[in-house]
Each structure stands twice: as C-alpha cells, then as structure tokens.
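Here is the structure we will look at, set down as structure tokens.
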Amino acid sequence: MVTSDTVFGVHGDALALRSQRLAMLASNIANASTPGYKARDLDFTKALDMAQGGTATDAATAANVGYRVPVQPTQDGNTVELSTEQTIFAENAVQYRTTLSFLNGRINTLMTALKGE
12 MVTSDTVFGV
22 HGDALALRSQ
32 RLAMLASNIA
42 NASTPGYKAR
52 DLDFTKALDM
62 AQGGTATDAA
72 TAANVGYRVP
82 VQPTQDGNTV
92 ELSTEQTIFA
102 ENAVQYRTTL
112 SFLNGRINTL
122 MTALKGE
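Written as structure tokens, this is what we have:
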C-alpha cells in the first residue's frame, strides 16, 4: 500500500515543522518591542524525530518549544534579539524552500510515472 509517508518520506513532516517554526520566529520578530515578551523557538531535530516516530506534527511542535535565553537582557523583560531572530528566520526559510523543492521533485516524478512518459 502506498502512503504519503512512503512517497514523501521525511520531507512532508519536515515541511510542516519548518512552517510552524517560521510562524513562531515571525511572532518573535513582530513582538520585538513588546514588554515582557519571551522569544520562543522549536527544537527542530527533536520535533522531527518525534514526528517520524508517529507523533502528529502539532504535538511534536508543542513538546519541543522552548524559550530563547538572550545574550543581552532588556529592562522590560523582552527576550527578543532582533538580529538573532532575523538570522534564524532566514536560515529556516532557506531550509523550508529546500524541503519544498524536494517535495516538488517527488511530485513531478510521480506525475511523469502516472502519465507513462
């Protein structure tokens, strides 16, 4: 029996987790000046391991979210360091696009096979 796991492998879960991490990092950036806001991040490797073990990606994300410890704490309790968040966001965005490219290649291969070309 063919399932999405056998067709897409790790890439389906990775794309979902990277998307959730992008949203989390974007929230950090958006709240860079919010007093008391605590920057959060996802331990992607642990979340992906859980997802590959059968845990739903939402549950894997929830279980592997942590707060970032700032290098320079602020007086208002905000832990967002904008340059750090922007760098991590950009790295994750590149990894997201790479994963999307792998999935696109897989889909194109399947479409070619189905068409019999």
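Positions in the sequence shown are counted from 1; adding 11 to them yields the numbering used here. Backbone N, C-alpha and C fix where the C-beta goes; we use that ideal spot for every residue, glycine too.
Cβ shell of residue i (< 8 Å), same chain only, five flanking positions each side left out
i           : result
residue 61  : 70, 71, 74 and 75
residue 59  : 21, 24, 25, 28 and 71
residue 110 : 22, 25, 26 and 29
Closest Cα partner of residue i within the set the options
i          : options             : result
residue 81 : 49, 111 and 121     : 49
residue 42 : 124, 91, 54 and 33  : 91
residue 31 : 106, 127 and 94     : 106
residue 85 : 113, 44, 36 and 128 : 44
Same chain, Cβ closer than 6 Å to residue i, five either side skipped, listed in chain order
i          : result
residue 87 : 46
C-beta atoms of residue i and residue j nearer than 8 Å
i          : j           : result
residue 52 : residue 79  : yes
residue 40 : residue 125 : no
residue 96 : residue 36  : yes
Item to check | the stretch 96 to 105 contacting the stretch 57 to 74, beta-carbon criterion three pairs below 8 Å | outcome: no
Checklist entry - In chain order, which alpha helix (DSSP H) runs of at least 4 residues are fully inside the stretch 84 to 126? => result 93 to 126
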